[in-house]
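In the working numbering, the protein residues as written are 33 to 187.
For every residue, glycine included, the Cβ atom is placed at its ideal position computed from N, Cα and C.
Quick caveat: nothing in here was measured; it's all calculated off a predicted structure.
Structure record follows, encoded as structure tokens.
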Ligand SMILES: [Zn+2]
């Protein structure tokens, strides 16, 4: 097959000059209306769908992907709840300080962004939910953050 050994520029010229039926819209179009791709054998071919069809396919794909991402994010939320439910048990065992009053250094720890709630709970000997609860309170009540040394000078 001599065709196999055409030079690449020659091959591109042949492809562009050819006529091809798009597998999506079914129209016969010039090879210039199709994107050229290199197959795994290293040879150049025209893709099966014309350029305008690929734009539509791309938009549809993006739409599917977006709804997938949204559905996935929704699923993540569920996972987060399940994850918290799992951790409340592990932190219950280590929660020896649970009824003690919160101290400034403790507050400093729970306001950190580099630790997970479970890690904080284990470090402090408090339960998962006492940590999430106090974090929520800190966000609502700036005075608690002052206790933690955050926003010093606002007193
Ligand atoms: Zn088409």
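Residue environment: residue 127 is assigned as buried (16 or more neighbouring CB atoms within 10 Å of its CB, all protein chains considered). Ranked by how close their Cα comes to the Cα of residue 145, the residues 134, 173 and 167 have 167 in first place. Boundaries of the beta strand (DSSP E) around residue 51: 51-53.
With a threshold of 16 other beta carbon atoms within 10 Å, residue 163 meets it and is buried.
The C-beta of residue 142 has 16 or more other C-beta atoms within 10 Å across all chains shown, which makes the residue buried. Boundaries of the beta strand (DSSP E) harbouring residue 62: 60-62, taken from the DSSP string. The beta-bridge partner set that DSSP reports for residue 77 consists of 69. Remark: the C-beta of residue 168 is outside contact range of ligand 1, defined as less than 6 Å to any heavy atom. DSSP places residue 156 within a helical segment (H, G or I) once states are collapsed to three.
A residue is listed when its beta-carbon falls short of 5 Å from at least one non-hydrogen atom of ligand 1; in chain order these are 54, 56, 57, 82 and 85. Residue 65 is positioned such that its CB atom lies no closer than 7 Å to that of residue 94.
Annotation: residue 96 to residue 106 spans about 15 Å, alpha carbon to alpha carbon. In the three-state DSSP reduction, residue 97 falls in the helix class (H, G or I).
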